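This report refers to the structure that appears directly beneath it.
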Amino acid sequence: MRAYHAEHQRSIDQPNDFWKEQARRIPWFKPPETILSYDDQNHARWYEDGELNTCHAALDHHVETGRGEQPAIHWDSPVTGQRRTLTYRELRDDVAKFAGALASLGVAKGDRVVIYMPMVPEALVAMYACARLGAVHSVVFGGFAAHELAVRIDDAEPRIVIAASCGIEIDRVLPYKPILDQALAQSQHRPAACIVLQREQARADLGPGDHDWQTLVSAASPVDCVPVRGTDPLYILYTSGTTGKPKGVVRDNGGHAVALHYSMERIYGMSPGEVFFSASDVGWVVGHSYIVYAPLIYGCTTVVYEGKPVRTPDAGSFWRLISEYQVKAFFTAPTAFRAIKKEDPDGRLLEKYDISCLRALFLAGERLDPPTFHWLEDLLKIPVIDHWWQTETGWPIAANLQGLDPMPVKAGSATVPVPGFNVQILDRSAETTAPCEQGSVVIQEPMPPGCLAGIWHDPKRFHSAYMAAFPGYYLTGDAGYIDQDGYLFVMGRTDDVINVAGHRLSTGEMEEVVGSHPAVAECAVIGIQDDLKGQVPLGLVIPKDGFDGDTDKLERELVALVREQIGAIACLKQMLVVSRLPKTRSGKILRKLLRTIADGEEFGLPSTIDDPASLQDVHDTMIDRRVGEAHKARLR
1 MRAYHAEHQR
11 SIDQPNDFWK
21 EQARRIPWFK
31 PPETILSYDD
41 QNHARWYEDG
51 ELNTCHAALD
61 HHVETGRGEQ
71 PAIHWDSPVT
81 GQRRTLTYRE
91 LRDDVAKFAG
101 ALASLGVAKG
111 DRVVIYMPMV
121 PEALVAMYAC
131 ARLGAVHSVV
141 FGGFAAHELA
151 VRIDDAEPRI
161 VIAASCGIEI
171 DRVLPYKPIL
181 DQALAQSQHR
191 PAACIVLQRE
201 QARADLGPGD
211 HDWQTLVSAA
221 SPVDCVPVRG
231 TDPLYILYTS
241 GTTGKPKGVV
251 RDNGGHAVAL
261 HYSMERIYGM
271 SPGEVFFSAS
281 DVGWVVGHSY
291 IVYAPLIYGC
301 TTVVYEGKPV
311 RTPDAGSFWR
321 LISEYQVKAF
331 FTAPTAFRAI
341 KKEDPDGRLL
351 EKYDISCLRA
361 LFLAGERLDP
371 PTFHWLEDLL
381 KIPVIDHWWQ
391 TETGWPIAAN
401 LQGLDPMPVK
411 AGSATVPVPG
421 FNVQILDRSA
431 ETTAPCEQGS
441 VVIQEPMPPG
451 CLAGIWHDPK
461 RFHSAYMAAF
471 PGYYLTGDAG
481 YIDQDGYLFV
491 MGRTDDVINV
501 AGHRLSTGEM
511 EEVVGSHPAV
521 AECAVIGIQD
531 DLKGQVPLGL
541 VIPKDGFDGD
551 TDKLERELVA
561 LVREQIGAIA
571 CLKQMLVVSR
581 LPKTRSGKIL
591 RKLLRTIADG
601 EEFGLPSTID
611 DPASLQDVHD
621 TMIDRRVGEA
631 HKARLR
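In terms of the UniProt record's numbering, the sequence shown has 619 at position 619, counting the first letter as 1, and numbering is strictly consecutive.
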């Protein structure tokens with residue numbers, strides 16, 4: 001760990017010098033002289049006097065330096081049966097033309113553009129075209145409900161909205177234009193125009209102010225990259241907020257480019273020219289960072305996948321993609337592999353493919369539970385890297401750095417803080433905890449390049465949400481601990497630490513135990529209200545496909561397992577076998593919503609939910625089994 005410690009310590013002790021060196025690897029129009037400065041609330045700003053263009057750094061620069069014929073994008077769409085590869089030169093030319101089309105509609109530096117598209121190459125073209133003009137894009141996950149889209153339109157106030165005519169799911173085609181029309185009818189802000197990419201699976205009817213993508217592009221002239229300052233915004237990405245109003249996380253241009261370039265080498269161990277595959281969506285931060293921007297800024301090839309980990313056509317989809325495109329590093333969420341494990345528990349489908357090209361598997365988005373970790377490690381015989389980060393940070397906070405100093409793996413740990421991140425564990429009195437003692441995971445300021453520059457239109461919310469709880473520290477909202485070897489364990493959101501009769505217990509620790517049972521495919525443990533103890537844990541379990549045992553017996557075994565491995569203090573006495581769990585489209589289990597249901601409170605349908613029917617299933621099961629004080633009271 002010597003090389004890691006030296007680099008991490010230097011990044012903390014000498015941030016100016018460290019990040020000045022990293023900035024030299026980016027093709028600036030005007031290299032920055034001021035590396036680190038501070039705003040009026042004393043929050044870090046990076047490269048404020050530098051000038052660059054993110055599109056130029058990712059596309060034009062590589063074409064100019066001899067990478068023009070290298071594939072930039074492999075698009076693979078099993079839901080349509082289509083595939084397409086774009087070289088750096090082809091992508092640069094498409095982006096320059098589409099940027100010209102946007103400019104013809106009045107889009108200029110600083111304007112906002114909302115993008116509402118599925119996983120198609122044109123989504124990346126639209127994002128890069130905005131960056132080329134110095135415009136600020138805000139991508140909304142394709143298929144989001146009209147109300148949620150309207151909220152984002154009103155907040156970002158875009159000059160233009162870009163949409164596809166439809167998205168394609170496993171078993172249906174989802175028209176986007178009617179949703180967009182409903183959103184525009186609900187919103188107070190009126191964009192000047194909408195551009196619609198027509199897909200043959202469901203063409204849209206165009207109305208006044210609507211433009212056909214192909215027609216508009218055919219009449220456009222390519223435009224050059226517009227220089228922007230390092231601190232100018234590149235995009236706004238909305239994440240959920242505790243008030244119900246989404247927070248528009250703002251990402252800058254300069255720090256973003258430097259951080260992502262650094263991460264591709266140090267964290268993911270990539271070399272320019274290699275293929276990187278992130279199975280996410282451009283609507284999420286993972287898609288922004290590691291499908292769209294980081295691979296191309298670094299000179300790699302990115303895979304854009306319009307499909308699912310299962311049922312397109314089977315649980316071997318990822319193995320096929322890795323084999324066919326010779327992927328060197330693969331990144332997805334743990335829930336994707338829990339779905340694969342559920343359908344193919346022995347990994348038989350892997351036998352059909354040669355994935356010897358794959359050097360490492362990276363997982364993030366939620367905690368990687370040890371049973372899934374061990375299943376993958378045994379199956380793949382390569383490093384399985386649990387790394388941790390957030391929409392707000394834009395790149396990993398903690399990881400096992402494959403391009404610097406790979407370390408022994410500890411199941412359940414995201415390994416060590418990435419250089420630039422000074423991670424601390426604080427108790428409620430803002431005192432540093434002892435090794436292995438849980439507390440709030442925080443990051444001491446200054447935050448490194450690439451992290452959020454603020455909340456769109458709401459600097460006070462930025463400070464109150466992230467900086468006010470522990471002055472001088474960024475509050476991640478996660479609970480965890482650092483062990484005696486310096487390894488970071490993130491146990492879940494702070495509201496996933498429950499208080500049972502005065503004892504603070506981690507639901508993540510209980511999930512580890514439950515998930516270790518050989519019959520369990522996926523699980524969630526939540527804390528619910530209890531009149532006697534304040535809170536008690538409740539477990540929800542999905543058995544593996546093919547499980548035909550006694551569910552009552554399985555529930556009893558799981559309760560006994562938690563008692564055996566954690567102790568009676570856990571007070572986990574109720575376990576429910578369910579057919580599915582409510583999740584976001586990015587695969588996160590909606591634990592807060594599960595608590596709301598269990599506590600008998602009113603709940604609505606979240607905009608991010610992937611399978612609305614899963615809510616009703618869980619709700620009905622809880623009522624049938626008299627879960628929680630509120631449900632028990634109803635039946636008295």
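Glycine included, each C-beta is placed from N, C-alpha and C at the ideal position.
It should be emphasised that the depicted structure is a prediction, and the values quoted were computed from it without experimental measurement.
- Beta bridge pairing from DSSP links Tyr116 with Ala163.
- Beta-bridge pairing by DSSP links Trp388 to Ala398.
- Between Val107 and Val113, the gap from beta carbon to beta carbon is short of 8 Å.
- Leu260 is the residue among Ala163, Ala57, Leu260 whose C-alpha sits nearest the C-alpha of Pro419.
- Per DSSP, the unbroken beta strand (DSSP E) holding Gln444 starts and ends at 439 to 444.
- For Leu540, the closest of Gln574, Ser516, Ile569, Asp548 by C-alpha to C-alpha distance is Gln574.
- If you look at Met491, you'll find it in the beta strand (DSSP E) that goes 488 to 493.
- Under the DSSP assignment, Val303 falls in the beta strand (DSSP E) whose first and last residues are 301 to 305.
- Going by C-alpha positions, Asn16 is about 29 Å away from Ala364.
- Contact annotation: the region 248 to 256 touches the region 450 to 460, with at least three C-beta pairs closer than 8 Å.
- With 16 or more other Cβ atoms inside 10 Å of its own Cβ, Ala99 counts as buried.
- The beta carbon of Val513 lies closer than 7 Å to those of Leu561, Val562, Gln565, Ile566 in the same chain, with the five residues before and after it left out.
- Shown here for Tyr38: same chain residues with a beta carbon closer than 7 Å to its own, the five before and five after excluded, namely Ala44, Arg45 in chain order.
- Taking C-beta atoms as the reference points, Ala479 and Val441 count as a pair closer than 8 Å.
- By the C-beta criterion, the region 224 to 231 is judged not to be in contact with the region 189 to 197, since fewer than 3 inter-stretch pairs fall below 8 Å.
- Residue state for Met127 is assigned as helix, using DSSP reduced to three classes.
- A straight line joining the alpha-carbon of Cys523 with that of Val249 spans about 30 Å.
- By the C-beta criterion, the region 395 to 412 is judged to be in contact with the region 258 to 278, since at least 3 inter-stretch pairs fall below 8 Å.
- In the three-state reduction of the DSSP assignment, Gln41 falls in the coil class, being assigned neither a helical nor a strand state.
- Along the length of the region 298 to 371, whole alpha helix (DSSP H) runs at least 4 residues long occupy 317 to 325, 334 to 343, reported in chain order.
- Every unbroken stretch of the alpha helix (DSSP H) spanning 4 or more residues and falling wholly within the region 192 to 238 is given here in chain order: 213 to 218.
- For Glu601, there is no enclosing alpha helix (DSSP H), as DSSP gives it neither H nor E.
- Three or more Cβ pairs closer than 8 Å define a contact, and the region 53 to 70 falls short of that threshold against the region 466 to 482.
- Just measuring C-alpha positions, the residue of Arg493, Leu554, Thr608, Ile425 sitting nearest Phe470 is Ile425.
- A direct Cα-to-Cα measurement between Gly472 and Asn422 gives close to 11 Å.
- Put simply, the region 56 to 63 touches the region 86 to 95. At least three CB pairs are less than 8 Å apart.
- In this structure, the straight-line span from the alpha carbon of Met270 to that of Pro309 is close to 23 Å.
- Just measuring C-alpha positions, the residue of Ala129, Ala164, Thr239, Trp395 sitting nearest Asp205 is Ala164.
- In the three-state reduction of the DSSP assignment, Cys451 falls in the coil class.
- DSSP, read as helix, strand or coil, puts Gly255 in helix.
- With contacts defined by Cβ atoms closer than 8 Å, Leu133 and Lys97 do not form a contacting pair.
- In the assembly as shown, Gly299 is a buried residue. Its beta-carbon has 16 or more other beta-carbons within 10 Å.
- The region 585 to 602 makes contact with the region 321 to 336: 3 or more CB pairs, one atom from each, lie closer than 8 Å.
- For Trp75, the enclosing beta strand (DSSP E) begins and ends at 71 to 77.
- No Cβ-Cβ contact shorter than 8 Å links Thr608 with Glu306.
- Less than 8 Å separates the beta-carbon of Ile236 from that of Ser138.
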